[in-house]
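The sequence shown begins at 22 in the numbering used here and counts up one residue at a time.
Backbone N, C-alpha and C define an ideal beta-carbon position, used for all residues, glycine too.
Structure first, then comments.
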Amino acid sequence: MRAPREWVMKRATGLCVAVATVIVLIFGYAMVTLAADDHPLSVLDEHVHLDTQLKIHEGELSFRGALYEEDVVDEWACGIGHEAGGLVHGCGDPALDVRDVTSGEFTTGYIHYPTYFLGAEGFRWVVDSLGFELHDITVYRVFSALLMTLGVIVMGVFAFVLGQRRLGLIAAVSLPVSATSITVMGGMITPNATSILAGALVGGTGLLWIRRGRGFTWLALAAVFAATTAVVNSLVLGGFLFAVLVIWIANKRGWTTAERWSPKLWQLIVLAAIVLLPVVLWGRYISATATVTNAEVYGPYQFSGWSTIGIGAVQELLALHTPWIDWSYAMPSGPEFYSRLLRSVAIGLPLWITVAVFGALLYTAIAADFQRRSAVRALSEVPRRPTGTLSIDATYLVVVGTLITLVLYPVALRVSNALNFGIDHPIASRYSMPFAALIVLLLLCVVKQRRVRLVFAALGVVGVMTAIGL
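Laid out in structure tokens, this is it:
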């Protein structure tokens, strides 16, 4: 009976690998198709990103006080348009001017690191060198589509290396991108297109470092990529910083872990420096090149009192900033019944994905039985300095640290914006997108029940197919 069972398991593995491969191919095709359909500029600041990209193309960096490029205004008024509607003055009107831009005449693109835009410009150079004649916006959007697809591929690779062969592999390539709030990023010019890739790289290399007890260099390189592409991408390092700190403190108390993983203080310092240095250095650039004040750029969102900030901080603390939400503009047009059916699924499914994913993650953190796992088996009796084995699974520490980061970062970001820029504005859930990749990898590592994995895989497949409009 053993041989037939092994045969069935082998075939099941092959089938799941094939399904995961098909999902990746379909997702990639859908992303490129979305990027090339000349849809209007997204209200998710795509005109801001386009302006930064055009400045990079001209060999310039954006700065606080820079006006929008005339090409952005022309594209809005005379080209593909904008989801927010037309400008005050229409195409061909002599009065059409940068002051017509509804978000204000000053671009806010300077807040983004130039990394993504330099990569997009390099991609445009390759496309132009190959002789393809495409709309420049299409080229930049296709770059985003390829980045999103690469993120899904990397998710599959790391899941496979971490031991996922069947349902876990399917969940790995589908669940992180199973909401329109995420897939829309693959069809627009935005640094957020790097979110899944950054989360997968940090999560995969970090978990392999913990499991194997070596490979810190790879995590450091992944952290550099995340921290230099977008500030929010570096947030996924919070869970690993927490785990390293806890284990290091335990070691200082004379305990050793039951695992091969024994992080050092210098590794904690290196990771923290990778997170903070880009923020500090780019902040200095912004201050040094600014020609106007924050008040002139962010007039409607100015700080209006600490009571308002306090209320906003409480709101951010209690609002779960899940990456899985619905974004109606992402849905393609089509036959009425079919479109309405897709919308009905796309609107409600992200909530169930959030409930299932965060519920499983929270239960895992609570049910880890830290009292038992933290039990110290005394090897010798040393007054005030117990020596023994601390049997906490470091992956559970990453789970706890990730949950703490996810809850606290919106509060910290909102207060930081008020202190540093005098701005008071709610924190968008899309900032949590890099967590989608990390959370899925964590779930696959700590949740072993086949039925639960079946639920994740099913939610992922239905979610991603709905999100891309199939």
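How big is the Cα-Cα spacing for residue i and residue j?
i	j	result
Ala449	Ala415	30 Å
Thr250	Tyr134	6 Å
Trp303	Tyr131	9 Å
Arg474	Val38	15 Å
Leu188	Ile47	18 Å
Ser328	Val428	21 Å
Glu90	Ile101	16 Å
Asn315	Ala309	13 Å
Glu317	Thr129	11 Å
Pro407	Trp269	Low local confidence applies: a pLDDT of 49 at Pro407 is under 50, so the model's placement there is unreliable, with the coordinate-based value given in what follows. Approximately 15 Å, taken between the alpha carbons.
Leu434	Ile425	14 Å
Thr487	Thr204	10 Å
Tyr452	Ile332	20 Å
Asp149	Ala166	18 Å
Gly143	Gly152	15 Å
Ile444	Gly320	9 Å
Val64	Ala214	15 Å
Lys285	Glu357	59 Å
His60	Glu104	9 Å
Leu19	Arg274	Residue 19 is absent from the model: the chain starts at 22 and stops at 491.
Asn272	Thr42	43 Å
Leu292	Met176	22 Å
Arg232	Ile413	13 Å
Leu155	Asp66	22 Å
Ser124	Phe379	35 Å
Arg305	Trp287	26 Å
Val147	Gly80	17 Å
Gly326	Leu339	21 Å
Arg394	Gln470	Because the pLDDT of Arg394 is 45, which lies under 50, any placement of that residue in the model is unreliable, and the number read from its coordinates should be weighed accordingly. Approximately 20 Å between the Cα atoms of the pair.
Gly113	Gly106	16 Å
Once you ignore the five residues that flank residue i on each side, which residues in its own chain have a CB closer than 6 Å to its CB?
i	result
Pro5	With the chain represented from 22 up to 491, any question about residue 5 goes unanswered, as that position is not in the structure.
Gly481	Ala192, Ser195, Leu196, Ser199
Ile44	Val194, Ser195
His110	Ala116, Leu117, Asp121
His70	Ile210, Thr211
Thr73	Ser83, Gly130, Phe138
Arg186	Thr34
Gly234	Arg281, Trp282
Pro543	Since the first and last residues shown for the chain are 22 and 491, residue 543 lies out of range.
Thr136	Thr249, Thr250
Arg472	none
Val119	Leu88, Tyr89, Val94, Glu126
Given a cut-off of 9 Å, decide if residue j and residue i are closer than it, judged by their beta-carbon atoms.
i	j	result
Leu196	Ala381	no
Phe181	Leu190	yes
Gly422	Leu298	no
Val300	Val252	yes
Ala336	Pro447	Looking at the sequence itself, residue 336 is Gln, so the reference to Ala does not match. Yes.
Ala311	Phe84	yes
Leu258	Ala248	yes
Leu75	Val93	yes
Gly499	Val178	With the chain represented from 22 up to 491, any question about residue 499 goes unanswered, as that position is not in the structure.
Phe246	Leu222	yes
Val420	Val467	yes
Gly225	Ala243	yes
Gly220	Leu464	no
Ile330	Val436	yes
Ala386	Phe477	no
Ala51	Ile489	yes
Val349	Ile368	Checking the sequence, you will find Ser at residue 349 rather than Val. Result yes, Cβ atoms of Ser349 and Ile368 sit closer than 9 Å.
If I measure Cβ to Cβ from residue i and keep anything under 8 Å in the same chain, skipping five residues before and after, which residues do I get?
i	result
Arg145	His78, Asp157, Val160, Tyr161, Phe164
Val122	His68, Tyr89, Val93, Val94, Trp97, Leu108
Phe442	Asn315, Tyr319
Ile307	Phe84, Arg85, Tyr131, Ile132
Leu183	Gly225, Leu228, Leu229, Arg232, Leu462, Leu465, Cys466
Met454	Ser202, Ile203, Met206, Asn213, Ser216, Ile217, Gly220, Val253, Pro344
Ala334	Val432, Arg435, Val436
Would you please state the rounded distance, in angstroms, between the beta carbons of residue i and residue j? I believe it to be under 8 Å.
i	j	result
Ala87	Phe127	7 Å
Ser216	Asn254	6 Å
Ala264	Leu418	4 Å
Leu256	Leu218	Not a contact, Cβ separation roughly 15 Å.
Ordered along the chain, which non-local residues of its own chain (more than five positions away) have a Cβ less than 7 Å from that of residue i?
i	result
Val485	Ile44, Phe48, Ser195, Val198, Ser199
Leu266	Leu289
Thr238	none
Ile295	Ala241, Ala244, Val245, Ala248
Val313	Arg85, Gly86, Phe127
Say whether chain C places a C-beta atom closer than 9 Å to the C-beta of residue i.
i	result
Ala415	Absent from the structure: chain C. Only one protein chain is present.
Does the pairing of the region 203 to 222 with the region 51 to 58 give three or more beta-carbon distances under 8 Å? yes
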